[in-house]
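2 protein chains.
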Amino acid sequence: MADDLFKALADGTRRTILDELTDKSGQTLFEICARLSMKHGLGISRQAVSQHLAVLEAAGLVETRREGRYKFHDLNVTPLRHITERWLDPPAPAPEKEPS
Amino acid sequence: MADDLFKALADGTRRTILDELTDKSGQTLFEICARLSMKHGLGISRQAVSQHLAVLEAAGLVETRREGRYKFHDLNVTPLRHITERWLDPPAPAPEKEPS
DNA sequence: ACTATAGGCAAGTGTTCACTTGCATATCAA
DNA sequence: TTGATATGCAAGTGAACACTTGCCTATAGT
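Keeping their order, the protein sequence lines are chains A and B. For the first sequence, counting from 1, position 17 maps to 16 in numbering that gives the first Met the number 0; every step adds exactly one. For the second sequence, counting from 1, position 96 maps to 95 in numbering that gives the first Met the number 0; every step adds exactly one.
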């Protein structure tokens, strides 16, 4: 679960895709491809982007809805909310002896 | 910068090491090895752990101090604090026309 | 000096990963 | 139906990655 999430975030192109979906949610595959090429100069194939989106979807960061021949991709930031909690807000250690 | 950080977090063993350093900061390499073996059943070599610690240090998540033949590893959670901000608190889009 | 402990360096191996290439499917417009 | 658009599937390739193995250095205790 957490593994899929961190692995999804490990790739720079995927993080850029999240940036673009943050800027405008509900984009199609071609729209994302165009933005990666235009705004970020990424010479990347359509299939590569499609595979990245599949990884993001498996991590729960992207949700999709089909309409006719279009498939829209929506961002879901919920999985991101607490991923650093285990280190930033560590659980209190069990006291060795009962405190007063 | 962010790339090193996310790549460091992408490995499950490294995240477990962060957990152990959260539980007790300032551990030596051997101490971490013992904990990974005991508490997590990870049959992993000392060199592998050492390499993981190097990755974590390159990401700024672990800092080290040398004392005699011991090298202590301290956790630094600062790099973790704002890594999800770009998606959770996106910058406000520039308005197309000036609002009143 | 000898030995044990704690750690470091570097080459080799097998797997995972990002990406491409080629072909196939599905929807829509003429 | 024909053609263009939007996407999907699967095999192959090269690089990055996690891990091991073997040897080396340095500190500390006896």
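Glycine included, C-beta positions come from ideal geometry on N, C-alpha and C. Since the model is a prediction, treat every value here as computed from it, not as a measurement.
- Collapsing the DSSP output to three states places Arg80 (chain B) in coil.
- When rounded, the separation of the alpha-carbon atoms in Phe71 (chain B) and Thr27 (chain B) is 5 Å.
- With a threshold of 8 Å between beta carbons, Gly11 (chain A) makes contact with chain B.
- The residue from B:Arg85, B:Asp88, B:Leu79 and B:Trp86 with its alpha-carbon nearest to that of Arg85 (chain A) is B:Leu79.
- Closer than 8 Å to the CB of Val76 (chain A) there is at least one CB belonging to chain B.
- Rounded to the nearest angstrom, the Cβ distance from Cys32 (chain B) to Arg45 (chain B) is 5 Å, consistent with a contact under 8 Å.
- Contacts between Thr63 (chain A) and chain B, judged by CB atoms closer than 7 Å, are missing: the closest CB pair is about 18 Å apart.
- Among the residues facing chain A, Leu79 (chain B) is included, as its CB has a counterpart in that chain under 8 Å away.
- Apart from the 5 residues on each side of it in sequence, Thr21 (chain A) sits with its Cβ closer than 7 Å to the Cβ of Leu74 in its chain, given in chain order.
- By the neighbour-count definition (other C-beta atoms within 10 Å, threshold 16), Ala58 (chain A) is a buried residue.
- A residue is called buried when at least 16 other Cβ atoms come within 10 angstroms of its Cβ; Glu66 (chain B) does not meet this threshold and is exposed.
- Here the alpha carbon of Ile16 (chain A) sits roughly 9 Å from the alpha carbon of Arg34 (chain A).
- Put simply, of B:Gly11, B:Gly25, B:Thr77 and B:Glu56 the residue whose alpha carbon is nearest the alpha carbon of His39 (chain B) is B:Gly11.
- Taking a Cβ-Cβ cut-off of 8 Å, the neighbours of Ile82 (chain B) in chain A comprise Thr83, given in sequence order.
- For a Cβ distance threshold of 9 Å, residue set Arg85, Trp86 and Pro89 of chain A lies close to Asp18 (chain B), ordered along the chain.
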